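Student: Throughout, my numbering is defined as the position within the sequence shown, counted from one, plus 681.
Quick one: structure below, then a few questions.
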Amino acid sequence: MTLLALALGAFCGAISRFAVSQWMKTVWKREFPLATFLINVIGSFLLGLVIGAHLDTTWTLLLGTGFLGSFTTFSTFKIETLQLFQDGNRKVLTLYLISSYGFGILAAFLGITLTA
């Protein structure tokens, strides 16, 4: 049952991330990688809610590890960071790094706090 919950969550999370990313590409044409930023901040907030709610193991695997683990994207964040660096776009790079880590941590804290 736990493997099924994990797989179902991961499937839904990956499809959701793909859908959000594709939609964002149609509405955001600037250098700042807003799609990945929003996905990761929203995912951090939702994971904070899941962790703070102290759900049973199956729900935590489904929502936290499965869905949010595949919805959020650390690897894309790192690739986009490297691309900004290689392009010499230091201002956007700095903004992306500081805002991603800062808002990500703040969002997770807020999620945990709301369910505590």
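Yeah, the Cβ is synthetic: ideal placement off N, Cα and C, and Gly gets one too.
In this text the structure is predicted, and so the values were computed from the model without any measurement.
Could you please give the first and the last residue of the uninterrupted alpha helix (DSSP H) stretch that includes residue 741?
Tutor: Element bounds for residue 741: n/a, residue is neither H nor E.
Student: Looking at C-alpha atoms only, which residue of 768, 720 and 691 is the closest neighbour of residue 780?
Tutor: That would be 720, whose Cα lies nearest to the Cα of residue 780.
Student: In chain order, what residues of the same chain have a beta carbon less than 7 Å from the beta carbon of residue 714, not counting five sequence neighbours either side?
Tutor: Excluding sequence neighbours, residue 714 sits near 761 and 777.
Student: What is the C-beta distance between residue 686 and residue 753, in whole angstroms, given that I count them as a contact (C-beta under 8 Å)?
Tutor: That belief does not hold up - the Cβ atoms of residue 686 and residue 753 are roughly 18 Å apart, past 8 Å.
Student: So, with DSSP's three-state summary, where would you put residue 771?
Tutor: Of the three classes helix, strand and coil, the one that applies to residue 771 here is helix, per DSSP.
Student: Taking DSSP as the reference, what is the three-state secondary structure of residue 754?
Tutor: DSSP places residue 754 in coil when its eight states are reduced to three.
Student: With H, G and I counted as helix, E and B as strand and the rest as coil, what does DSSP make of residue 736?
Tutor: Residue 736 falls in the coil class under three-state DSSP.
Student: Return the CA-CA distance between residue 758 and residue 750, expressed in angstroms with no decimal places.
Tutor: Distance between the alpha carbons of residue 758 and residue 750 is about 14 Å.
Student: Keeping to the same chain, check which residues put their C-beta closer than 7 Å to that of residue 773; ignore five residues upstream and five downstream.
Tutor: Result list for residue 773: 712, 713 and 765, in chain order.
Student: Note the first and the last residue of the continuous alpha helix (DSSP H) segment covering residue 684.
Tutor: 683-708 is the span of the alpha helix (DSSP H), which, as asked, contains residue 684.
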